[in-house]
Amino acid sequence: SDWSADSWSDYGSRGNMETALGRAVPDGKVLLPVIFHTDHLFFYERFSAYQDYILADCKASEVKQFIAEYLEKVLEPSGWQAIWRTDVFQVVVGVVDVDYSSLKAVVQLSDPFLCESRDSSFTLKCMQELLELKQYQILLQELWVVYDESGEFDQTALAVEHVRFFYRWIWRTWDEEEEDEFDYFVRCVEPRLRLHYDILEHRVPSGLVADYQNLLSQCEELYGRFLNVRNSISTSDSDSEVENVSLVEGLKLYEEVEHLKQKLKLIENPQLRYVFGYQKYGSLQAKGLRTTGTKVIHVVPLTIAAKQLQLLMRDKLSPESYGEDVKMQFHNDPLTAVSACYEGDTVIIFPGHYVVDGVFCLADSVELEGYGLPDDIVIENRGKGDNFFDCTGDNVRISGLKLVQHDAVEGILNIHHGKTTLENCVLQCETTGITVRMSAELVMKNSDLYGAKGAGVEIYPGSMCTLLQNGIHHCKEGILIKSFLDEHYDVPKITMVNNMIHNNEGYGVVLVRPGPSEVKDASAQPTKDVKTEENELREVLMMLLFCMTVVTLLLFPALGNTQPTQSGDETQPTQCVQEVRQEHQPECVTDELERYEQAETSGRTEDNCEIANELGATAAKKSKMHKKRLSELGITEADENFMSQDIFVSVEGNQFKWNGKGSFGTFVF
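Number 344 in UniProt numbering belongs to position 344 of the sequence shown; there are no gaps in the numbering.
This is the structure we're talking about:
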C-alpha cells in the first residue's frame, strides 16, 4: 500500500477506536474456525492507540501497568473463543477469565476439541496435561480471537492485537532498565514503530534490515548472559575469586550490551541510520581470478538469433581482442550474468527491456557493455529499498546502457572504492544519482543523468571525479561536493569539461564546507581573492572616512569657522578639517551645515546625531539590497571565486542554464 495514502490516514480520520475488523480469509480447507483479521492495521492506527490509549506518557517501568489498565477498559473478561498458537500446534480454547495484571487469559479447551499440529501426538489428554502445567493461563499475545460477526468482540480482538504487536516488535527485554525520566513512547515506541513500517514498505535497504536483525539477536543473547551473571553474583555472599571473575565478566558483558544498544538506536533513528549504522559495501568480497586463469564473456539473453551471434563474433569477439581460449556463457538476465562474473570478465547485453529485482554488486574488475544504443538496452530495477549498482572493484566499466530506478531509498550508482568508468549511458534516477565515496574514483563520459530527488552526482572528500561531456538535469541539485571533512581527508579532485548542467531545482554545483574558523590554510586562497578583498576594504575605509568627517562637522560646526590664535603647529588640525571638508563634502551637505550652525546648541547635537545614524543605516540598507538583487539573479557574492577552489583540477567549456538558484552555491556551516 502507498505510504502517504494508507499508512497515515485511517486513525486520524476516525477520531476514536471504533475500527471495524473483518475476518481473515483462510488458505484452502482448514479445521479451525476463522479469526479476526487484525494484521492489516495502518501505522497511524497503532501510533494513535499506543500514544493516546495505551501508553500515553508512561515510563519504562510503568509499561505493564498501563497496558493492564487499558485492557481492563476494553477487553471482554469472558465469553469469547480464541486460537492458541505455538510453533508446533494450534488449538481452539474458550476464555473464562482474564488476569489483567499478568496479561494472561484463563482458558479451557473447546468442545468439540479442535487442534492442528505437525504430528498426531497432541491429543486431547496431552493438551489437558499441558494446560494443567500452565494453570490454564495463557499469554494474551499467544491468542488469536475467533471471528464473531456481531461486533461484540471487535474491541477485544483489537486490544489483543495491540498487546501482541507490542511484545513482538516494540518491547525489548532490557527496556525496564531504561531511565525513568524519559518518556517511553517518545524514546522507544515511536522510532521502533516507524522503523517497522519502513521495513514493511520496503523503504529500508535489505542489507540494513539484516544488520538490524543480527544486532538485535546478538543483543538479546548477550543481555540474557549478563542477567545470568548478575543474578549469580547477587545471590552469593562470598568474596571468592570465582565471584570476582564473574564480576569482571558481568562488566564486560554490560559494556558489550550497551554498545549494541547504541547501534540499534542509530538504525532506529531515520536521520542517522544511513550515516552511522550502515556499511553495506564491507560485505562485498571480490572473487578474484578463476583458478584456471581463463576469462569468460557473459552474454544476455539466454537465446539470441544466429545473425546476432555472427555480428557479435565479428564486432566484439575477435581473437585479437580476447585471445583463442575465450569462453562464452549465456544468461537470462543481466543480474544473473554479473553474479557469475570473476575478475576480468565481460558482460555483453543485447537490446531488450530487462526488469530485475536486486542489486548489482561489482566487487571485481568487470565490464558491462550494451550491444546497441543505450535507449534500446534498458535495465529497470523494480526492487525497493536498495542500491541499484554497488561498485567496489579496482576497475569497473559500464557502457551503452540505460538504467531506470523505481521506488528506491538509495542512489542509482554507489562507488565505495576503486575506479568506475561510466560511458555513453542514460541514468533515470529516483533518489540520489551517483555517489562517489571517499577514496573512490568516477570517470563519467558522454552520459545523461536526470530525475534525482537529491544530487545528480554526490562527491565525498578524498575522492576523484572526472566529468566529460555529460548532461545533468532535472535533479534537486546538479553536483553536490562535500568538503566538510578536510581536516581528516584530502579535498576531492574534480575535472569538469564540456558538461551541460541545466534545469536543476537548486544550484548547478553546490559546495558544502566548514566556516572560516575551520578552514585549515587561509593562505591557500588565490591572489584574485586577496585583491578583491583589498578593493572592498579600501571602499569601506573611504566611506568610513567620509562618514566620520560629516559627523565631526555636524557635531562641532565651530571647527569650520575658528580662526587660528596659536602658532603654526596648532592651526594644522583646523586646516586639515577644512581641507577634508572642501575635498569630500558635497554641496548639499555644506548648505545643510550652514542651516544647522544657526540652530540652538542644545538641539544641534541631538539632531546631528540622528542624521549621522541615518547615514549609517542608509548605507547598510543599500548593501543589503545589492546582495538581495544578486541573490534573486542566482548570483552569490561568496561564490565569485568558486571555480578557483583547490578541488577543481580542470574546469572548462561547461554550460549552466536554468538552474533554480544559479550556477554555483556554497553551503557554509
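Cβ atoms here follow ideal geometry from the backbone N, Cα and C, with glycine treated the same way.
Check: Residue range of the beta strand (DSSP E) that includes Q329; Outcome: K327 to F330
Check: Cutoff 6 Å; reference N654; Cβ partners in own chain excluding five residues on either side; Outcome: M496 and N499
Check: Closest by C-alpha distance to P77, when choosing among I494, G94 and I379; Outcome: G94
Check: Three-state secondary structure assigned by DSSP to Y460; Outcome: coil
Check: Residue span of the alpha helix (DSSP H) that contains Y371, given as start and end; Outcome: Looking at the DSSP string, Y371 is not in any alpha helix (DSSP H), and its letter there is neither H nor E.
Check: Where the beta strand (DSSP E) through V378 begins and ends; Outcome: I377 to N381
Check: Same chain only: Cβ atoms within 7 Å of F153, ignoring 5 sequence neighbours per side; Outcome: E76, W80 and V145
Check: Inter-stretch contact (C-beta, 8 Å, three-pair minimum) for the stretch 345 to 360 and the stretch 172 to 190; Outcome: no
Check: DSSP beta-bridge partners of A56; Outcome: None; A56 has no bridge partner.
Check: Reduced DSSP secondary structure (H/G/I, E/B, other) of I233; Outcome: helix
Check: Residue environment, K134, which counts as buried when at least 16 other CB atoms sit within 10 Å; Outcome: exposed
Check: Nearest neighbour of K443, chosen from I138, Q405, M313 and T466 [CA to CA]; Outcome: According to the sequence as given, residue 443 is Val; it is not Lys. Ranking I138, Q405, M313 and T466 by Cα distance to V443 puts T466 first.
Check: C-beta atoms of L222 and E268 nearer than 7 Å; Outcome: no
Check: CB-CB length for A440 against I415, believed under 8 Å; Outcome: 4 Å
Check: Nonlocal neighbours in the same chain, by C-beta distance under 8 Å from T86, ignoring five residues either side; Outcome: E142
Check: Per-residue DSSP class, three states only, for H416; Outcome: coil
Check: Assigned secondary structure, Y354 (DSSP; H/G/I helix, E/B strand, else coil); Outcome: strand
Check: Counted within 10 angstroms of its Cβ, other Cβ atoms place Q65 as buried (16 or more) or exposed; Outcome: exposed
Check: Exposure label - L264; buried when at least 16 CB within 10 Å; Outcome: buried
Check: Selection from G352, I348, I379 and A337 that minimises the alpha carbon distance to M313; Outcome: I348
Check: For H162, the first and last residue of its enclosing alpha helix (DSSP H); Outcome: D154 to F165
Check: K472 (DSSP reduced to helix, strand or coil); Outcome: Correcting the residue type first, residue 472 is Ile in the shown sequence and not Lys. Correct three-state label for I472: strand.
Check: Under the three-state DSSP convention, the category Y184 falls into; Outcome: helix
Check: Check whether T432 and G411 have beta carbons under 7 Å apart; Outcome: yes
Check: Beta-carbon proximity of P351 to V300, cut-off 7 Å; Outcome: no
Check: Length of the line joining the Cα atoms of V326 and A340; Outcome: 16 Å
Check: Three-state secondary structure assigned by DSSP to F667; Outcome: strand
Check: Inter-residue spacing [alpha-carbon to alpha-carbon] between M328 and R194; Outcome: 48 Å
Check: Helix, strand or coil at E149 according to DSSP, with G and I counted as helix; Outcome: coil
Check: Selection from A337, N395 and I434 that minimises the alpha carbon distance to S365; Outcome: N395
Check: Reduced DSSP secondary structure (H/G/I, E/B, other) of S650; Outcome: strand
Check: Host alpha helix (DSSP H) of residue 670 (start-end); Outcome: No answer is possible for residue 670: the residues shown for the chain start at 1 and end at 669.
Check: Span separating the alpha-carbon of I494 from that of L449; Outcome: 18 Å
Check: Anticipated Cβ contact below 8 Å, V512 with F667, distance rounded; Outcome: 5 Å
Check: Limits of the unbroken beta strand (DSSP E) element including C115; Outcome: C115 to S117
Check: Alpha carbon of H474 to alpha carbon of Y254, nearest angstrom; Outcome: 51 Å
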